[in-house]
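Numbering (full-length UniProt numbering), first residue to last: 1 to 135. Here is the structure we will look at, set down as structure tokens.
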């Protein structure tokens, strides 16, 4: 997922790629063009979709904590993007709970846009997500 937020003149990018069973890869690009790379290991066994939702929430919380009001997020997960945007219906209890958390957090922002991108654009984060399994 790539998250852009604007706070004054600042723009921060957070990129999360292919998530493996129990972790995620996140790349944060600062307003000055510096990349901060994170391999996140979850303390629970997660499906790929659960990990995508969890990472979206992490990115939203990071952006909110940094004072972001406008968010543009990109993910390679068609299912997550379509469920968050209300195009697909979530049927699993866990996914519904994640959607409720995202909806609540959305109210902290003036604007949020979520867009699906090709997996090829997630190379760096994909590698970090693989690394998270070895943590």
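Using N, Cα and C, we set each Cβ at its ideal position, and we do this for glycine too.
- Contact check for residue 56 against residue 109 fails: the beta carbons are separated by 8 Å or more.
- Out of 127, 76, 112, the CA that lies nearest to the CA of residue 118 is found in 76.
- Beta-bridge partners of residue 108 (DSSP): none assigned.
- The alpha carbon of residue 63 has as its nearest neighbour, out of 105, 122, 51, 53, the alpha carbon of 105.
- A straight-line Cα-Cα distance of about 27 Å links residue 93 and residue 111.
- Per DSSP, residue 51 lies in no beta strand (DSSP E) segment; the continuous alpha helix (DSSP H) that holds it begins and ends at 48-65.
- Where residue 73 is concerned, the enclosing beta strand (DSSP E) starts and stops at 70-75.
- Contact check for residue 73 against residue 59 passes: the beta carbons are separated by less than 8 Å.
- Rounded to the nearest angstrom, the gap between the Cα atoms of residue 80 and residue 89 is 10 Å.
- For residue 82, the enclosing alpha helix (DSSP H) covers residues 78-84.
- Excluding residues up to 5 positions away in sequence, 94 lie with their Cβ nearer than 7 Å to the Cβ of residue 50 in the same chain.
- Between residue 42 and residue 54, the C-beta spacing is below 8 Å.
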